[in-house]
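This note's numbering applies: residue -4 is where the sequence shown begins, and numbers increase by one.
We treat Cβ as the ideally placed atom computed from N, Cα and C, and that holds for glycine.
Beneath this line is the structure, given in structure tokens, with notes to follow.
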Amino acid sequence: MNLYEHTIVARQDASSSQIKQLTEKYSNLVIKNKGEIVQTQIWGLMNLAYVIKKNKKGNYIHFKIKAPASLVTDLEKNESMDKNLLRYMTVKVKKFDLKTNFFSSKDEDNTGNSLKKKSN
């Protein structure tokens, strides 16, 4: 099985329930095609580098997947037809970094612990 990091960008006006439905939809597709979801991260609403389909922002969802190569083709085929998605990208990796969450809030460090300013 190959290791993949897969990111999808949903429309900026998607509600939290729609984001959850998209996450479940593509997770189920991976499982149905003999893949395994190792980790799912919802990065939230972020600015896009340029306007895509009249959207300046997008909701990012990131998956870490163990799957055969044929799954990526099926996954991207389904995503290309989904009107709620702006973009998707799959990258093959050698190993997963499961500890670091690059898009955690600014008040947290990489371990998820809150950072507080020391008062003198």
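Neighbourhood of residue i by C-beta, 7 Å cutoff - its chain only, sequence neighbours within 5 removed
| i | result |
| --- | --- |
| residue 50 | 6, 7, 43 and 81 |
| residue 73 | 24 |
| residue 85 | -1, 1, 67 and 71 |
Option in the options with minimal Cα separation from residue i
| i | options | result |
| --- | --- | --- |
| residue -2 | 98, 52, 65 and 18 | 65 |
| residue 9 | 52, 33, 45 and 23 | 52 |
| residue 68 | 37, 55 and 87 | 87 |
| residue 11 | 47, 55, 31 and 46 | 55 |
| residue 92 | 1, 47 and 59 | 59 |
| residue 94 | 34, 84 and 45 | 34 |
| residue 97 | 47, 37, 19 and 48 | 37 |
Sequence-distant residues of its chain with Cβ nearer than 8 Å to residue i (five each side left out)
| i | result |
| --- | --- |
| residue 90 | -2 |
| residue 29 | 62, 63 and 66 |
Neighbourhood of residue i by C-beta, 6 Å cutoff - its chain only, sequence neighbours within 5 removed
| i | result |
| --- | --- |
| residue 3 | 56, 80 and 83 |
Environment of residue i [buried if 16+ CB atoms lie within 10 Å]
| i | result |
| --- | --- |
| residue 26 | exposed |
Stretch-stretch touch, CB-based, cutoff 8 Å, three pairs: the stretch 33 to 42 with the stretch 67 to 79
Verdict: no, contact absent.
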